[in-house]
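Read the structure below first, then the notes.
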Amino acid sequence: MVLAKLSKWGNSQGIRISKDILKQIGITKFDDIELNMKVEGQKLIIEKNISKSNLMKRFEDYDYQEYLEDQDRVIEKGTSQGRELF
8 MVLAKLSKWG
18 NSQGIRISKD
28 ILKQIGITKF
38 DDIELNMKVE
48 GQKLIIEKNI
58 SKSNLMKRFE
68 DYDYQEYLED
78 QDRVIEKGTS
88 QGRELF
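Residue numbers (our numbering): 8 to 93.
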């Protein structure tokens, strides 16, 4: 366990986290990193924020199984338009 010091930082309190500790949770770039914090009993838990891409955010509430259930399995290819072999 690493001992950390809580210090006054403007109107708030701040904890400095060493590079070694940050590397252990996979943080190697140190500019404007978002962290998730939660309290469990007397513990303050700080975790790296796993950010989702914009595409993943758009599909967050998408139910692909419901989509597949609603789709017909037969694909209508239409008639030949040229010299297709199939």
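The beta carbon of each residue, even a glycine, is placed where N, CA and C say it ideally should be.
How big is the Cα-Cα spacing for Glu-54 and Ile-40?
In a straight line, the C-alpha of Glu-54 is about 11 Å away from that of Ile-40.
Determine whether the beta carbon atoms of Arg-23 and Lys-36 lie at a separation below 9 Å.
Not closer than 9 Å, so no.
Taking the continuous alpha helix (DSSP H) assigned at Asn-61, which residues delimit it?
Annotation for Asn-61: the continuous alpha helix (DSSP H) segment containing it runs 61 to 65.
By alpha-carbon positions, which one of Lys-84, Asn-61, Met-8 and Ser-14 ends up nearest to Ile-28?
The closest CA to that of Ile-28, considering only Lys-84, Asn-61, Met-8 and Ser-14, is found on Met-8.
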